[in-house]
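Numbering (the numbering used here), first residue to last: 648 to 1180. Cβ atoms here follow ideal geometry from the backbone N, Cα and C, with glycine treated the same way. All values derive from a computational prediction rather than experimental measurement. Note sheet for the following structure.
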């Protein structure tokens, strides 16, 4: 039962990446649009004060704001595509139709019962979604409908009929089944959702009432779940639902930290970003803390190994600092020195508390590029971004001192402190096993170069017949296998450039970092897939 639950969470986790990784692009472009309409920036750069650039900035930020107001349908389509086993594009199209059926069924039923509010909908619990007035269910309705559509699609998408009914088979039959399901769900949620919303608000209120302790738990869990790949299930609800706060910006009621600060970025009347932005201040450990950890590992390495590990650590540190991709560093000590990973999670959680206590309003979810694009155009007054930098510097030294002391005092075998004869590179679980084997007299396999060899990857995953499904997220190749015991961790690590291999039941994740898209394409080609199934 436990494995089934974990498998379901893993599938949901993978599917969530489709909408979650796209939405920050909208936020960054809104910030870019704000560059061209920022009055303070125009005073410094007068050439920006002209109708062309101002008009461009207004169009860019204004057009992308529409995405923030339609998160329900975005998550519905994205999640259904991610969870569909086959015919993904058709699943996405059917999910859009189902979403429209649900909206209009709820609207008609609410009208029959005299529930529709006239005039302003602010604070009424109702909202206009795609031009239809319904209960304001926000992103939750998208998540729920996406799951339901994917389930029914996977069950019936290959159902075929004979004779005159043949044209109603396949995905057309999926839509036929979904119509009554959507109508029933719309009626049901008309009664249920007001109570569910009250519960959600109570949960959000509890977390917010917990204050800094709630922030600490939030930040710590977000890092601790990195090895499972489920960490984004912690922060996503706070970014896109009322758990992350509710605010009125420009006359529109918004829920979720990211929705709120995206709107505030584009609203020149907002003098300071709201406190809810703290839920997306996840970049302190990425931009500063782990850099200190790298320096500590470098200085505590054996002198003869420092030059060998320097390029490896520099590459991992730059990736974390610039892009916010932390796995290469985290997996370098996760399995060989798990105490350091626990300390890392605790420090990351505490950084939220420090930022909140100091009243920082800077946007810092990932790496330094995002940080610059979001905060510099808004100015110090609106974000107080120098406070973020100061806290980051503090955590650089905290990570450095604590990691160095623990590595030395506990004689931890971090990078450059391994047993004689081991490769100087970032470690995964497979390398930890290799180290144990080496200590028992078995030679470790030599590492190959870092090129993508899809044939080797497929073979190391147990062969084509063993691979049931292949997807990827920002840094990981995510696979579902018939027999995960056939996976050759050492081959994936030493011959294909993977920095980690993570086993969770039939789900095996292979961490490749920023080159994962190229790896996924190569593996799809090797398997003869178009990326559609």
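The distance from the Cβ of residue 976 to that of residue 948 is about 14 Å, inconsistent with a contact at the 8 Å cut-off.
Within the DSSP secondary-structure output, residue 1126 pairs in a beta bridge with 1117 and 1155. In the same chain as residue 824, and ignoring 5 residues on each side of it, the C-beta atoms closer than 7 Å to its own belong to 799 and 803, in chain order.
Rounded to the nearest whole angstrom, the CA to CA distance from residue 844 to residue 787 is 10 Å. For residue 962 and residue 1042, the gap between their C-alpha atoms comes out near 20 Å. Look at residue 771 here: in three-state DSSP terms it is coil, with no helix or strand label. For the stretch 718–742, the continuous alpha helix (DSSP H) assignments of 4+ residues that do not extend past its boundaries occur at 718–730, in sequence order. Secondary structure of residue 919 (DSSP, three-state): coil. Residue 815 is classed as exposed because its beta carbon has fewer than 16 other beta carbons within 10 Å across all chains shown. A distance of 8 Å or more separates the beta carbons of residue 1039 and residue 944. Out of 1102, 840, 1064 and 812, the CA that lies nearest to the CA of residue 955 is found in 1064. Counting every other CB atom within 10 Å of its CB across the protein chains shown gives residue 1033 a total below 16, marking it as exposed. When the five nearest sequence neighbours on each side are left out, the beta carbons in the same chain lying within less than 7 Å of the beta carbon of residue 1135 are those of 1107, in order along the chain. Shown here, residue 1061 sits in coil according to DSSP, grouped into three states, outside any helix or strand.
The shortest CA-to-CA distance from residue 1174 to any of 1148, 1145 and 1103 is the one to 1103.
Taking the C-beta atoms as reference points, residue 1158 is found nearer than 8 Å to residue 1147. Annotation: the continuous beta strand (DSSP E) that includes residue 780 extends over 779–782. Residue 901 has 894 as its beta-bridge partners, per DSSP. It is roughly 22 Å from the alpha-carbon of residue 1099 to the alpha-carbon of residue 970. When rounded, the separation of the alpha-carbon atoms in residue 974 and residue 920 is 30 Å. Of 797, 809, 966 and 896, the smallest CA-CA separation from residue 733 is found for 797.
Around the CB of residue 1012, 16 or more other CB atoms lie within 10 Å, so the residue is classed as buried. By a beta-carbon distance limit of 8 Å, residue 917 contacts residue 896. Their separation comes to about 7 Å. Look at residue 1099 here: in three-state DSSP terms it is coil, with no helix or strand label. In the structure shown, the three-state DSSP call for residue 857 is coil.
Residue 704 sits buried, since 16 or more C-beta atoms from the chains shown fall within 10 Å of its C-beta. Rounded to the nearest angstrom, the Cβ distance from residue 712 to residue 849 is 30 Å, too far for a contact under 8 Å. The DSSP-derived three-state label of residue 1149 is strand. Straight through space, the alpha carbons of residue 817 and residue 960 are spaced by roughly 51 Å. Closest by C-alpha distance to residue 907, out of 813, 1109 and 677, is 677.
Sorting 983, 1117, 901 and 997 by C-alpha distance to the C-alpha of residue 858 places 997 at the top. Counting only the Cα atoms, residue 1162 lies some 23 Å from residue 1151. Annotation: residue 1045 to residue 867 spans about 16 Å, alpha carbon to alpha carbon. Counting only runs of at least 4 residues, the stretch 999–1055 fully encloses the following alpha helix (DSSP H) elements, listed from N- to C-terminal order: 1015–1022 and 1027–1030. Residue state for residue 776 is assigned as strand, using DSSP reduced to three classes. Around the beta carbon of residue 757, a 10 Å sphere encloses 16 or more other beta carbons of the protein chains shown; the residue is thus reported as buried.
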